[in-house]
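Worksheet: one structure, shown below.
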């Protein structure tokens, strides 16, 4: 497995690479994953970022930890995404939002029809983790748990191809080159608004309301798109 590039140094990049490592090691569930220190060196991120990524994987049921023994691969994911390469280098942030608006309302609709009780419970736990972030300025945590929440919806939709497309789009969204725009678009008022959107999404999915779930997802993404556009235009005005 190749090392991460120098410019991808956050929890989301660690999570993406850990997913790939877990997929490779699923045939050897009795073998512990490398230590946090070894993973940090391998992926070129800090140990804090590794711990945060492992927290997400443990919440998802992908891994389990035994004190003094290490971290082990848990049950395989219900579906495995297709690998779509090179898209982050071929797109931009505005195209990402257009793609998300086309893809994710449909995923929310299917999740409302197909999500298992365990998948809905996972969404609720991820939502609690997002709501429990005590440092609003910690963008790394916000992006990590937000991405995991949206991926849980994508996985609950039960369509392998659409999950692969989601992962490809999400990889573009997390490109470090656009981090300053994502930070600028993230304000306390907007975060509160997004929390409300997320709660409504979970409620509609849990209540098997596909049309309402799709509409809530679309409303959420439109609000995010507007915030990113404002951040982009502000950045362009500041740039000589």
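Numbering (my numbering), first residue to last: 37 to 276.
Think of the CB as a built atom: it goes at the ideal place given N, C-alpha and C, for glycine as much as any other residue.
Note that this is a predicted model, so its numbers are computed, not measured.
Inter-residue Cα distance where the pair is residue i and residue j
i           : j           : result
residue 98  : residue 58  : 8 Å
residue 201 : residue 68  : 30 Å
residue 73  : residue 66  : 20 Å
residue 239 : residue 249 : 8 Å
residue 96  : residue 270 : 37 Å
residue 54  : residue 199 : 17 Å
Helix, strand or coil at residue i according to DSSP, with G and I counted as helix
i           : result
residue 110 : coil
residue 102 : strand
residue 200 : helix
residue 210 : coil
residue 195 : coil
residue 70  : coil
residue 127 : coil
Residue i burial status per 10 Å Cβ neighbour count (16 or more: buried)
i           : result
residue 214 : buried
residue 197 : exposed
residue 48  : buried
residue 141 : buried
residue 183 : buried
Cutoff 6 Å; reference residue i; Cβ partners in own chain excluding five residues on either side
i           : result
residue 165 : 181
residue 50  : 79, 81, 85, 86 and 89
Cut-off 7 Å between Cβ atoms - residues of its own chain near residue i, not counting five sequence neighbours on either side
i           : result
residue 267 : 217, 220 and 221
residue 151 : 192 and 241
Residues near residue i in its chain [Cβ-Cβ closer than 8 Å; skip 5 each side]
i           : result
residue 169 : 177, 178 and 181
residue 244 : 148 and 149
**OP:** Pair every Cβ in the region 126-133 with every Cβ in the region 203-212, then say whether three or more of these pairs are closer than 8 Å.
**Re:** yes
Do three or more CB pairs link the region 144-151 to the region 220-233 at distances below 8 Å? no
Check your understanding: Taking three-plus beta-carbon pairs below 8 Å as touching, is the region 187-196 in contact with the region 150-160?
Key -> yes
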